[in-house]
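Visitor: Protein chains in written order, with the working numbering: chain A, 1 to 283; chain B, 1 to 363; chain C, 1 to 278.
Don't be surprised by glycine CBs; every beta carbon is placed ideally from N, CA and C.
Predicted model, so just to flag it, every value in this text is computed and none were measured.
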Amino acid sequence: MNEKNDKKQLLAVPMGLWAAAFVGLSLLYIIGLSLLTKGEGFSYSPPITLDNYLRLREKQYISSLLLSLRLAFYTTAISALVGYPFAYFISKASPKRRVWLLVMLIAPFWTNALIRIYGWKILFYANGPINTLLKSLGIIEKPLKLLYTEGAVLVGMVYGMLPFFVLPVYSSVERIDWSMVEASRDLGASPLKAFITVTIPMTSAGVMAGLVLTFIPSVGLFFISDLLGGSNTMLWGNLIQNELLKSHDMPFAAALSVVLLAMTAIVLFIYRRQGGEAESMVY
Amino acid sequence: MQEKPLLSLRGLRKSFDTQEALNGLDLDVYKGEFLTLLGPSGCGKTTTLRIIAGLETPTEGKVYLEGEDITDLAPEKREVNTVFQNYALFPHMNVEKNIAYGLRMRKLDRKTIKQKVNEMLHLVQLEGYEKRMPSQLSGGQRQRVAIARSAVLEPKILLLDEPLGALDLQLRRQMQLELKRMQKQLGITFIYITHDQEEALNMSDRIALMRDGRFVQLASPYELYENPVSAFAASFIGETNLIEGTVSEINGDELLLDIGGKTVRANNKDWVQQGQKLCLCVRAERLRYRRQDPGHNCLHGKLVATHYTGSDRTSILELNTGQTVISRHTTEQEEKVNQGETVCVWWDIDKATVVIDDRDNAL
Amino acid sequence: MKKNTPLSKLYITFIMLLLYLPILVVVLFSFNSNTGRTASMIFTGFSTYWYKDLLNPITGFGTQLKCSLEVALWSVFIAAVLAILGAIGMVRRSMGKSLASKITYKAIGAGEQLAMLPMMIPELIMGISLMALFRLFKLPFGKTTLILSHITFCVPYILVTVKSRLVTLDPSLVEAARDLGASPFKAIITVTLPLVAPAILSGSLLAFAMSMDDFVISFFVSGAETTTLPLKIYSSVKVGVTPKVNAMCTLMLGFAFLVVGGGQLVSAYAERRKEMNN
C-alpha cells in the first residue's frame, strides 16, 4: 500500500504549512531580529551585529540567568520528589477512587493559572491567612515576610508545575505490568530493591517526560515571579518582558529569547537522545 | 482442468524495504474451489492474500480476475472480499450494521439490504443477534459476523486470513465443518490461509504449501500427504520421520539407500542421482517396530519411551545412527516391548518416499 | 498488586489539600463582605456582593468572556480540522522509493515536528516570535492575531491526542471498509472518524481549556482593544483588589467540576449499562 499511503500523507500538508508559517518562520524571524539594532520606538534596522549577544555578558543578565536556572532546577527537583510518590500512590488507588483523584488533579486546570497563583498571594500577604494563623497560635509575634521572596516564587512554580510532572509519571506507572514486579520479588528482591530495579526503570519514560515538561516552562515563566516575587526576582522571562514592553528593544528581547530557545533546544535534544518521544509528554 | 481459471497470479513479487516477501508466484484458482495457502508464519501467505484483495500492490507481476488485469484496481472496486484474521468488525456498529456495511456502500435500497442481511443472518445462524455490538459477542459469533459481512456481497472469491486462529480447538473443529458447509451453500470460491496443517487437510480441495515467498507444492491434500516433494513439505504435514541416507545404487524403479551402514530399499524418483544425500520420508503411523528382525528394510534401534494418547500409542525410538524416530500405532498393534530394549524398525516400501533434503535452507 | 497503606493515603490527601489550598482561599474571598481596599487580604464576613458585581453588565466581565469564548471556539475549530487531517495523514505513512516521494515524506515529517513545537518550547518564546511576525506583516493586533496564535498552540494538543488513538486503532478496520466497497474518503467518514471521535472530543476540550486559559501568548499578540478574560484577570491581579475575579474563578471551578465530573458519571453509567447487557 506504499503509493496509497504516499497520497494519504498529503492530508497533513495544511497542518505542515501552517506550522511552517507560524512556528518555523516566526522562530527564524526572531533569530534574524536578534542580530539587528534598535531604532526609534519599536523599530529596528541593520547593520547586522552581535552587540545584542555581547551585552549579555553584563552582570545583571548573568545573575538573572543563574537565578532562572537555579529556580527551574529547584522547581523540577521538588516537583519530582513530591510528584513521583503522588503519581505512584494515585495509580495504586482503587479504580473508582483513582478516577476521582485524577479529576481532582485536573479540574483546577480549568481555572485560570493566574488565579491559582493569586490564591498563594492572598495566603502570603503580611496580614493574610498564614501570618494570622501563626500569630494566633503564638508562634510568631511580627508577621513574616512571605510575599516577594524567592521562596514564594518557588512555591508558586512548584505548585504550577506539579501536575505536569504527575500526569506523565502516572500514566507510565499505570502501564506497568505488575507481574514483573512480582517476578522480581519472587526472584528474591526486597520490596525496596524491586521498586528500584524494576518499577523505577519501567517508569523512566514518564519521569523523563515529566522532568522536561517541568523544566522547560520553569525557565521561561514570568508571571509567577511577577506576582509572587515582585521586582525582587528578575527571571529571564521578566527580562524579556521588560525589554519588550518597557524599553521597546525588540532586537535585544529577541536575543534574550534566542538564548532561552537554545536552552530549550539543548534540553529537548538530550531528551530525544535518551529516547524520549514528544507524544509521551501529553500521555 | 480445462475450464478457464477464475483468478490467476503471474510472476508475483513483493519486497518490503530490504526483505523479499514474495519470490515469483504463479497460481490459478478455479471457480467453486476451496484453496488453502498453507505455510509457517512469514512465508508470504498473508501478503499473497492482501495482494489479491488489493490491500497491497505487488512489486512485480500481475493479478487477473476472470482474465481481466486487476493488479492496480482499488480494493473497493474488486469483486473479492476478505475475512480478516482478527475479524476487523466495526466496533461502533451492531451486527446488522456491520453486515449491511458493504451493501450500503453499494447504495442498495433499504428493503433489499434488510432482506439480504436477514438471509445472511439465517445462513450463519445468528438470527436474533442483529442489535448486539461486536464486543458483546463470543469469538465464534464474531467469526460468523465477519464471514456474513463479506459473503453478503456475493464476491467472486472470499479470502479468509486464518479465520479460526483465535478460537479454541473444539470450536475450531466445529467451525471447519461449518465453513465448508457455507462454502458449498454459497458456491463461492474460497482462498483460505492457515498455518494449521490439520485444518488445511480437512477443508481444502487443493493446498498450496508456501515457504519463503515461494510455493513448495501445490496439490490435493491426498497428493500432498502421500507424495511430498521435499523434506520440508513432508515435515510440515503430518507426523513424519525423515531418515537421512545416501543413494548407493539406482536400479530401475528401485533405489538402495545407505543409512548408517545399513542398506534399505526404496522406490526411485526421476531426480535421484547416484551418491546423492536425501531423506526417506516415513509417516509415523507407517513406521513399525518389533523385537525380531524381519530380514529386509529394517534399521536397528532401541525403544526410548512410550506415551499413551487415548486410542493411540506413540513410541520414541533411537536408531543406531543416533537419530530419533517416532512410531504411532493403535494400542493393540505392537507387541509389548520394554523401555531400552533393542528393536528392529521397519516399514512397507510402498509407504515410504524419498525426498530432497531442503531443511537447511530455512530462514 | 499491593494496595495503598494508610500512610500513602495520608500523603495523597496532604498533597491534594496543598493543591486546593490557594483555590479554597480564592473561593473564600469571593464571598468576602469587605468591599474596601483590603478586600483581598482581610475576610470580614460572607456576602454575595462580588458575584452581583461580576454579573453586572457594566462592571462585569461579560465583554472579556465573550472575547475569550469567541477566540477559543474559532481556534479550536480550525486547529481541530488541521490536526485531525494531520493525524490521519501522519499515522502509518511510509516512504516511497522515488526521490520526489522521499522529499515529500521528509518535508511532511518536518512539518509535523514544527507543529508539535509550540507544546514544547516556552510560551513566552511563541508569544514574542508571533508578535514579531505579525509586526513584520503589519497585521493589526486584535482578534485575528489572537485566533491565529491560538490555533498555532492548539494544534499539537489535538494532534497528539488524535494520533495516539489512531495508532492503537486496528489498521484492518479501514482495510475492511475498503474491502467492503468504501472509497478512501468514505472509509474515513464511516469508520475512522466515529472511532476517534472520543479522542477528538477530549483533544478539543483540552485545547479549548488551553485557549481559554492562555495568558502568556495572548499577552503579546492582543491589541489594545481586545482583552481576553485571562488578560483582564492579570491586570486585576497585578493591582491586587480582586474579589470579583475570585467570584469568577469560583464559577469557573464549579463549571469545571460539573463538566469533568459529569463526564465521569456518564461514562461510568454507560459502562454499567454495558455490563448489564452482557
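1) Establish whether the CB of Gln-9 of chain A and some CB of chain C are separated by less than 7 Å.
2) Any beta carbon from chain C within less than 7 Å of Glu-76 of chain B's own beta carbon?
3) If you measure beta-carbon to beta-carbon, which residues of the stretch 188-214 of chain C are closer than 8 Å to chain B?
4) Any idea if Asn-112 of chain A is buried or exposed, counting beta-carbon neighbours within 10 angstroms, 16 or more meaning buried?
5) Between B:Leu-167, B:Glu-68 and B:Pro-163, which lies nearest to Gln-85 of chain B when the distance is taken from Cα to Cα?
6) Counting pairs of beta carbons, one from the stretch 173-181 of chain B and one from the stretch 5-16 of chain B, are three or more of them closer than 8 Å?
7) For Tyr-30 of chain B and Leu-159 of chain C, I'd like the C-alpha separation in whole angstroms.
8) Can you round the beta-carbon distance between Gly-220 of chain A and Glu-175 of chain C to whole angstroms, since I take them to be within the 8 Å contact cut?
9) State yes or no: is the C-beta of Arg-13 of chain B within less than 7 Å of the C-beta of Lys-62 of chain B?
10) Taking C-beta pairs closer than 8 Å, name the residues in chain C that Pro-108 of chain A reaches, listed in chain order.
11) Please list the partners that Tyr-234 of chain C has in chain A, where partner means a Cβ-to-Cβ separation under 8 Å.
12) According to DSSP, what are the bridge partners of Cys-279 of chain B?
13) Compare the Cα-Cα distances from Leu-153 of chain B to each of B:Ser-204, B:Leu-218 and B:Val-83 and report the closest residue.
14) Does Gly-102 of chain B come within less than 7 Å of chain C when only Cβ atoms are used?
15) Which residue marks the beginning of the beta strand (DSSP E) containing Gln-19 of chain B, and which one marks its end?
16) List, from N- to C-terminal side, the alpha helix (DSSP H) runs of 4 residues or more that fit wholly inside the stretch 219-244 of chain C.
17) Grouping DSSP H, G and I as helix and E and B as strand, with all else coil, what is Cys-67 of chain C?
18) So what does Ile-191 of chain B bridge to, in DSSP terms?
19) So is Ser-127 of chain A in contact with chain C if we call contact Cβ pairs under 7 Å?
20) Between the C-alpha atoms of Ser-54 of chain A and Phe-257 of chain C, what's the straight-line distance to the nearest angstrom?
21) Quick check on DSSP: helix, strand or coil for His-329 of chain B?
22) DSSP on Gly-151 of chain A, reduced to helix/strand/coil?
23) Name the chain C residues whose beta carbon is nearer than 7 Å to that of Ala-166 of chain B?
24) Give me the Cα-Cα distance between Arg-93 of chain C and Asp-179 of chain C, rounded to the nearest whole angstrom.
25) Throw me the rounded Cβ distance for the Leu-101 of chain A and Pro-168 of chain A pair, which I believe falls under 8 Å.
26) With DSSP collapsed to three states, give me the class of Val-63 of chain B.
27) For Thr-314 of chain B, list the residues DSSP reports as bridge partners.
28) In chain order, what residues of the stretch 75-90 of chain A put their CB closer than 9 Å to some CB of chain C?
29) What is the DSSP secondary structure of Thr-203 of chain A, reduced to helix, strand or coil?
30) Return no unless some Cβ of chain C is closer than 7 Å to the Cβ of Arg-106 of chain B.
31) What's the C-alpha gap between Lys-107 of chain B and Val-26 of chain C?
32) Closest to Ala-151 of chain B by C-alpha separation, out of B:Leu-209, B:Met-210 and B:Ile-188, would be which residue?
33) For a cutoff of 7 Å on Cβ pairs, would you count Asn-278 of chain C as touching chain B?
34) Checking contacts by CB at 7 Å: is Ser-94 of chain C closer than that to chain B?
35) Express the C-alpha separation of Ile-115 of chain A and Ile-23 of chain C in angstroms, rounding to a whole number.
36) Helix, strand or coil: how does DSSP classify Val-282 of chain A here?
Guide: With the structure as the only source:
1) Looking up residue 9 of chain A in the first sequence gives position 9. With 7 Å as the cut-off, Gln-9 of chain A counts as an interface residue toward chain C.
2) Position 76 of the second sequence, counted from the start, is the residue given in the question as residue 76 of chain B. Yes, Glu-76 of chain B counts as interfacial toward chain C.
3) Thr-190, Val-191, Pro-194 and Leu-195
4) As a first step, residue 112 of chain A is located in the first sequence; it is residue number 112 there, counting from the start. Asn-112 of chain A should be labelled buried.
5) Here the question's residue 85 of chain B lines up with position 85 in the second sequence. Comparing Cα-Cα distances from Gln-85 of chain B to each of B:Leu-167, B:Glu-68 and B:Pro-163, the minimum goes to B:Pro-163.
6) no
7) To locate residue 30 of chain B, count along the second sequence from 1; it is residue 30. To locate residue 159 of chain C, count along the third sequence from 1; it is residue 159. Rounded to whole angstroms, Tyr-30 of chain B to Leu-159 of chain C spans 48 Å at the Cα level.
8) By 1-based counting over the first sequence, the position of residue 220 of chain A is 220. By 1-based counting over the third sequence, the position of residue 175 of chain C is 175. Gly-220 of chain A to Glu-175 of chain C, Cβ: 45 Å. No contact.
9) If you number the second sequence from 1, residue 13 of chain B lands on position 13. If you number the second sequence from 1, residue 62 of chain B lands on position 62. No.
10) Against the first sequence, residue 108 of chain A aligns to sequence position 108. Those are Leu-19, Tyr-20, Ile-23, Leu-253 and Ala-256, listed as they occur along chain C.
11) As a position in the third sequence, residue 234 of chain C is number 234, starting the count at 1. Here the neighbours are Leu-114 and Phe-223.
12) Here residue 279 of chain B corresponds to residue number 279 of the second sequence, with the count starting at 1. BP columns for Cys-279 of chain B point to B:Glu-244 and B:Val-355.
13) As a working note, residue 153 of chain B is residue 153 in the second sequence. Among B:Ser-204, B:Leu-218 and B:Val-83, the Cα nearest to that of Leu-153 of chain B belongs to B:Val-83.
14) Your numbering for residue 102 of chain B matches position 102 in the second sequence. Cβ-Cβ to chain C under 7 Å: yes for Gly-102 of chain B.
15) Stepping through the second sequence from its first residue, residue 19 of chain B is reached at position 19. Residues 19-29.
16) 229-239
17) Position 67 of the third sequence, counted from the first residue, corresponds to residue 67 of chain C. Three-state DSSP puts Cys-67 of chain C in a helix.
18) Numbered from its first residue, the second sequence carries residue 191 of chain B at position 191. DSSP, once it has assigned bridges, lists B:Leu-35 and B:Leu-159 as partnering Ile-191 of chain B.
19) Translated into positions along the first sequence, residue 127 of chain A becomes position 127. This sequence places Asn at residue 127 of chain A; Ser is not what is there. Interface residue, yes.
20) By one-based count along the first sequence, residue 54 of chain A stands at place 54. By one-based count along the third sequence, residue 257 of chain C stands at place 257. Reading off the sequence, residue 54 of chain A comes out as Leu, not Ser. Straight-line Cα distance between these residues: approximately 51 Å.
21) To locate residue 329 of chain B, count along the second sequence from 1; it is residue 329. Strand.
22) For the purposes of this step, residue 151 of chain A is taken as residue 151 along the first sequence, with counting starting at 1. Here Gly-151 of chain A sits in helix by DSSP.
23) Walking along the second sequence from the start, residue 166 of chain B turns up at place 166. Per Cβ cutoff of 7 Å: no residues; Ala-166 of chain B is ~13 Å from chain C at best.
24) Position 93 of the third sequence holds residue 93 of chain C. Position 179 of the third sequence holds residue 179 of chain C. Straight-line Cα distance between these residues: approximately 19 Å.
25) Taking the first residue of the first sequence as position 1, residue 101 of chain A is located at position 101. Taking the first residue of the first sequence as position 1, residue 168 of chain A is located at position 168. Going by Cβ atoms, the distance from Leu-101 of chain A to Pro-168 of chain A rounds to 16 Å, so no, they are not a contact pair.
26) Sequence index remark: in the second sequence, residue 63 of chain B carries index 63 (1-based). If DSSP states are grouped into helix, strand and coil, Val-63 of chain B belongs with the strands.
27) The residue given as residue 314 of chain B occupies position 314 in the second sequence. Paired residues: B:His-307 and B:Arg-328.
28) Val-82, Gly-83, Pro-85, Phe-86, Tyr-88, Phe-89 and Ile-90
29) Here residue 203 of chain A refers to the residue found at position 203 of the first sequence. In the structure shown, Thr-203 of chain A sits in coil (DSSP, three-state: anything other than H, G, I, E or B).
30) On the second sequence, position 106 is the one that residue 106 of chain B refers to. For Arg-106 of chain B, the answer is yes, since a Cβ of chain C falls inside 7 Å of its Cβ.
31) Taking the first residue of the second sequence as position 1, residue 107 of chain B is located at position 107. Taking the first residue of the third sequence as position 1, residue 26 of chain C is located at position 26. Whole-angstrom Cα-Cα distance: 59 Å.
32) Locating residue 151 of chain B in the second sequence gives position 151, where the first residue counts as 1. Per the Cα distances, B:Ile-188.
33) Translated into positions along the third sequence, residue 278 of chain C becomes position 278. Because Asn-278 of chain C carries a pLDDT of 47, less than 50, the predicted location of this residue cannot be relied on, and no value is offered for it.
34) For the purposes of this step, residue 94 of chain C is taken as residue 94 along the third sequence, with counting starting at 1. No, its Cβ sits nowhere closer than 7 Å to a Cβ of chain B.
35) Position 23 of the third sequence, counted from the start, is the residue given in the question as residue 23 of chain C. Position 115 of the first sequence, counted from the start, is the residue given in the question as residue 115 of chain A. Their backbone Cα atoms lie some 8 Å apart in a straight line.
36) For the purposes of this step, residue 282 of chain A is taken as the residue at position 282 of the first sequence. Bear in mind that the predicted position of Val-282 of chain A carries a pLDDT of just 49, short of 50, making it unreliable; the figure below should be weighed with that in mind. In the structure shown, Val-282 of chain A sits in coil (DSSP, three-state: anything other than H, G, I, E or B).
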